[in-house]
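Residue numbers (our numbering): 12 to 445.
To start, the structure itself, in structure tokens.
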Ligand code: DLL
């Protein structure tokens, strides 16, 4: 096992000093090497020397995803190609991909963050780690893989898909921890059930390391109940590193951000003002010591909050709320703002309903049509709830109405009807004319 440093417990004053020193090195480096950043700073009338305190970071311009698209492929790359050892890309839904070249040190910092998460979850060299995130341009597979090797786990690099084989190897190799999206784990659980495999009885699985998509506390509870494992949350994004920017400890309901490498701010997405800790807004991250493609004040679009006070675990690094939504996920239905996570939380309050659902929006000339298709659980199906669906359907509608004030039309489906995803799941189909 390689050594994993423990800066997550460093005194806060020391941490802030370190952050400032790193920023005072990073900002001039970026200003010198990345024309877009230099131009934006000049337009704002701010110079690298203006960064005298951490609060001064707020004077500097933001970066957004479209900057990476507009500057595709290498316009935001600061290091010379001979120092680059890895590319990761993220395709998004439209247009050009974004491309994030990383140096050897950048990959090491990312690995260190992801390994620190695994160690925090209690994973050791005694664990067998199944990596079921996709390998390749997506950061999930390689990020989890390098972190597992750094800890000294026996890593099973199976990647995404091939679900029956995943379950067979999990059982036969004594896998104790799995990394995948929460939606894929739910699919694995359904397939295992069909294969007559009970995670509790037939496998040694204890830990799930889930991320890459928003998942509610209610889904987390369902996963734990269903499989008997502990579901850990891991957060990250291609632009900043990959999985391992933040993770939850055994005490807090949020995620410790590895602030020695990633500096967080929360902003009001409308006014762009920095908000104090404790207030909810959009998470903005700065990579303090990545030099391949530094990101300064990168607007993640993820909605969160930096919690106040220190976590019981003794770690000094700030805790962000779990990400339940992105600002660009918000749907406006009949003039009401709705986040898919609110619907998910409502659905999960109904025990007969399974964590497999889709939200469909379409429009006539005057009206938005709002429909939810959701599967019932195999138990509810077997016991015949599905044969008398109206009472259950109304219960689902009432639960949603009590929270968001809207009554969608709800269709209950038999288990296994909806499409499953091996990676990030897409649960909203919005066919309304924009
Ligand atoms: O999803 C990196 C990753 C891989 C994270 C595996 C965790 C595990 P991207 O494809 O660039 O990178 O997508 C990043 O996914 O801005 C969030 O909206 C969402 N996301 C990532 N982790 C979480 C999480 C990877 N734990 C985008 N909870 C981010 C909620 C998450 N959303």
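C-beta: ideal position from N, C-alpha, C; glycine also.
Three-state class that DSSP yields for residue i in the structure shown
| i | result |
| --- | --- |
| residue 96 | strand |
| residue 441 | strand |
| residue 393 | helix |
| residue 74 | strand |
| residue 337 | strand |
| residue 308 | coil |
| residue 290 | coil |
| residue 23 | helix |
| residue 209 | coil |
| residue 436 | coil |
| residue 44 | helix |
| residue 49 | helix |
| residue 283 | coil |
| residue 60 | helix |
| residue 512 | Because the chain spans 12 through 445 in this model, residue 512 falls outside it and cannot be assessed. |
| residue 32 | helix |
| residue 82 | coil |
| residue 273 | strand |
| residue 332 | coil |
| residue 102 | coil |
Close beta carbons around residue i, own chain, < 8 Å, minus the five adjacent residues each side
| i | result |
| --- | --- |
| residue 443 | 372, 373, 374, 379 |
| residue 351 | 225, 336, 340, 342, 370, 438, 439 |
| residue 204 | 389 |
| residue 435 | 192, 194, 223, 224 |
| residue 394 | none |
| residue 30 | 65, 270, 271, 274, 299 |
| residue 100 | 108, 109, 110, 111, 148, 249 |
| residue 359 | 227, 229, 230, 232, 233, 366 |
| residue 75 | 309, 310 |
Cutoff 6 Å; reference residue i; Cβ partners in own chain excluding five residues on either side
| i | result |
| --- | --- |
| residue 407 | 361, 421 |
| residue 173 | none |
Residue j beta carbon less than 8 Å from that of residue i
| i | j | result |
| --- | --- | --- |
| residue 386 | residue 425 | yes |
| residue 79 | residue 250 | yes |
| residue 414 | residue 357 | yes |
| residue 152 | residue 142 | yes |
| residue 20 | residue 264 | no |
| residue 48 | residue 295 | no |
| residue 4 | residue 220 | No answer is possible for residue 4: the residues shown for the chain start at 12 and end at 445. |
| residue 252 | residue 331 | no |
| residue 216 | residue 189 | yes |
| residue 71 | residue 268 | no |
| residue 90 | residue 45 | no |
| residue 68 | residue 297 | yes |
| residue 118 | residue 150 | no |
| residue 243 | residue 262 | no |
| residue 26 | residue 304 | no |
| residue 400 | residue 423 | yes |
| residue 344 | residue 286 | no |
| residue 114 | residue 82 | no |
| residue 289 | residue 128 | no |
| residue 169 | residue 180 | yes |
Beta-carbon proximity list for residue i, same chain, < 7 Å, skipping 5 on both sides
| i | result |
| --- | --- |
| residue 280 | 292, 293, 338 |
| residue 432 | 194, 195 |
| residue 102 | 108 |
| residue 178 | 199, 202, 203, 206, 208 |
| residue 39 | 59 |
| Any contact of the segment 311 to 329 with the segment 365 to 381, i.e. 3+ C-beta pairs under 8 Å? | no
| Stretch pair the segment 106 to 118 + the segment 127 to 137: three plus CB contacts closer than 8 Å | no
| Whole runs of the alpha helix (DSSP H) within the segment 214 to 269, excluding any shorter than 4 residues | 228 to 238
| message | Could you check whether the segment 201 to 212 touches the segment 231 to 249, counting it as contact only if at least three pairs of C-beta atoms, one from each stretch, sit closer than 8 Å? | response | yes
| Whole beta strand (DSSP E) elements within the segment 109 to 187, 3-residue minimum | 109 to 114, 139 to 142, 165 to 167
| query | Taking the runs of the beta strand (DSSP E) that are 3 residues or longer, which of them lie wholly in the segment 354 to 428? | reply | 364 to 374, 379 to 387, 420 to 424
| message | Between the segment 157 to 174 and the segment 120 to 127, can you find at least three pairs of beta-carbon atoms closer than 8 Å? | response | yes
| query | With a cut-off of 8 Å, do at least 3 Cβ pairs link the segment 317 to 333 to the segment 49 to 60? | reply | no
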